[in-house]
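Each remark here refers to the structure printed beneath this line.
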Amino acid sequence: MHEKRVYLDYAATTPTDPRVVEAMLPFFHDNFGNPSSVHRWGQHAERAVENSREIVANAFGSSPDEVIFTSCGSESDNLALRGVALSARRVKGANHILVSPVEHHAVLRTAQDLAQNHGFELEFLPVNEYGQVSPDALIEHLRSDTAVVSIIYANNEIGTINSLAPHAELCREYDVPLHTDAVQAASQLEININHIPADLISVGAHKFYGPKGIGALYVRRGIQLDPIQTGGSQEFSLRAGTLNVPLIVGMAKALEITIHEREIHNEHYQFLQNILLEDIPRLIPDSTITGDPNNRLPNHASFVFRGVDGNQLLAALDIAGFACSSGSACKTGDPEPSDVLVALGYEPDWALGSLRITVGRPTAESDVRDLASTLPELVALNRSAIP
Ligand SMILES: *Cc1c(COP(=O)(O)O)cnc(C)c1O
3 MHEKRVYLDY AATTPTDPRV VEAMLPFFHD NFGNPSSVHR WGQHAERAVE
53 NSREIVANAF GSSPDEVIFT SCGSESDNLA LRGVALSARR VKGANHILVS
103 PVEHHAVLRT AQDLAQNHGF ELEFLPVNEY GQVSPDALIE HLRSDTAVVS
153 IIYANNEIGT INSLAPHAEL CREYDVPLHT DAVQAASQLE ININHIPADL
203 ISVGAHKFYG PKGIGALYVR RGIQLDPIQT GGSQEFSLRA GTLNVPLIVG
253 MAKALEITIH EREIHNEHYQ FLQNILLEDI PRLIPDSTIT GDPNNRLPNH
303 ASFVFRGVDG NQLLAALDIA GFACSSGSAC KTGDPEPSDV LVALGYEPDW
353 ALGSLRITVG RPTAESDVRD LASTLPELVA LNRSAIP
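Numbering (our numbering), first residue to last: 3 to 389.
Here it is in structure tokens:
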């Protein structure tokens, strides 16, 4: 018998597009050269890298020398925050870091590490109920000794989009670099600097149907940052290590496809999202949409259910054939409410019952309809199991 398996966790990762795999393959064997080598093998690999850099730069609307290849979205976030903070302190004594409290852990834990182990003063920007930072809140907290500001572009847990144009303008007035984590956004939103006028932008390929283990950081010309990985002079001496040519080629190909097909996929996502955002709160008592119901990623539907253990719900969904996610980073043991939901002001009896459903290119209408009809019973069972 055919067992039902429905993957609805595209915010966690996406399958690599077969066209991307095909583009990568020659660079594992025939064209295996080290792009730093002088000989022809090296030159061939270098051309592939520089061609890919141009494609990524076009997506950012930048010039190629403003694109740094990294190993993942997390590394891009780390390089942005650590690199800029350490440089700003060394060059101008800036010691203050401002981040939103709804950042991915790659930003949040990095900022906390800079505070706890490197002596920076860390402040959190207030957010509204949807996780957005208002320009007024930023004005109140920006200082002349602020080293870096980081505000997530599209939130991975709650789908909310932060429109960053006014924030970028304020940061420019104060001469403070603005970083944004666009890792979750890049599969669906433009990452062009005309749309997100930030100084540093992080992306990672496996969120847009590219391979895992490769990311990029846009760094606006003139922004100073210290390397966090030292060694060879690759990547403008900002990121040492032999370039991963196949994965770089794969990321560029995935980004090209994503941009080319974005509208068509987004339309499909929006259609599926509407079903989820309408049906689930209607069918399940004591449930709420998390994040901005309107200004959100088209493929993203997230909820909290009062009095539900989110991890148990995920396990029950998995048994029923549905792969979803909770907001909680905790996989086993003591459940902890997610930092993001706590920052939004949810009490633990709500925050622990979070569910994130994210659709992707292969998702069918029947997939989300099946989930919406299965979920109410699973939530009810889970509630009755909690004393
Ligand atoms: C996935 C994700 C990351 C981490 O990216 P990796 O490539 O998995 O390291 C960072 N920020 C956001 C918003 C994400 O969704």
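Every residue, glycine too, gets a C-beta built ideally from N, C-alpha and C.
Limits of the alpha helix (DSSP H) - the one that residue i falls within
i           : result
residue 143 : 137-143
residue 321 : 312-321
residue 57  : 42-62
residue 278 : 247-285
residue 111 : 107-120
Per-residue DSSP class, three states only, for residue i
i           : result
residue 222 : coil
residue 101 : strand
residue 162 : strand
residue 205 : strand
residue 29  : helix
residue 129 : coil
residue 170 : helix
residue 7   : coil
residue 379 : helix
residue 242 : coil
residue 134 : coil
residue 72  : strand
residue 123 : strand
residue 200 : coil
residue 374 : helix
residue 368 : helix
residue 217 : strand
Segment limits, beta strand (DSSP E) that includes residue i
i           : result
residue 187 : Here residue 187 belongs to no beta strand (DSSP E), and DSSP marks it neither H nor E.
residue 303 : 302-307
residue 182 : 180-183
residue 148 : 148-152
residue 361 : Looking at the DSSP string, residue 361 is not in any beta strand (DSSP E), and its letter there is neither H nor E.
residue 289 : 289-291
Cα-Cα separation, residue i to residue j
i           : j           : result
residue 401 : residue 242 : Here the chain covers residues 3 to 389 and nothing more, so residue 401 does not appear.
residue 369 : residue 8   : 7 Å
residue 130 : residue 346 : 7 Å
residue 102 : residue 286 : 31 Å
residue 382 : residue 338 : 21 Å
residue 76  : residue 160 : 19 Å
residue 239 : residue 232 : 8 Å
residue 170 : residue 325 : 37 Å
residue 111 : residue 80  : 9 Å
residue 212 : residue 18  : 5 Å
residue 25  : residue 119 : 42 Å
residue 220 : residue 126 : 24 Å
residue 86  : residue 149 : 7 Å
residue 157 : residue 105 : 7 Å
Cut-off 7 Å between Cβ atoms - residues of its own chain near residue i, not counting five sequence neighbours on either side
i           : result
residue 168 : 137
residue 35  : 43, 44, 46, 47
residue 400 : Any question about residue 400 goes unanswered here, given that the chain covers just 3 to 389.
Chain-order list of residues whose beta-carbon lies under 6 Å from that of residue i (same chain, five-residue window excluded)
i           : result
residue 29  : 247, 248, 251
residue 2   : For the chain, the structure presents residues 3 to 389; residue 2 sits outside this window and is missing.
residue 320 : none
residue 55  : 66, 69
CB contact below 8 Å: residue i versus chain C
i           : result
residue 253 : Reference to chain C is not applicable here, since this structure consists of a single protein chain.
Close-in-space but distant-in-sequence residues of the same chain around residue i (CB under 8 Å, 5 per side omitted)
i           : result
residue 310 : 354, 355, 381, 384, 385, 388
Distance cut-off 7 Å: residue i Cβ against heavy atoms of ligand 2
i           : result
residue 173 : Of the ligands one can find in the structure shown, namely ligand 1, none is ligand 2.
Next on the checklist: Is it the case that the region 56-64 contacts the region 180-195, given that we only count it when at least three CB pairs across the two stretches are under 8 Å?
Outcome noted: The region 180-195 and the region 56-64 touch, with no fewer than 3 CB-CB distances between them shorter than 8 Å.
Next on the checklist: Tell me whether the region 132-149 and the region 82-100 touch, counting them as touching only if at least three CB pairs, one residue from each stretch, are closer than 8 Å.
Outcome noted: yes
Item to check | Contact the region 251-271 vs the region 220-234: 3+ CB pairs below 8 Å | outcome: no
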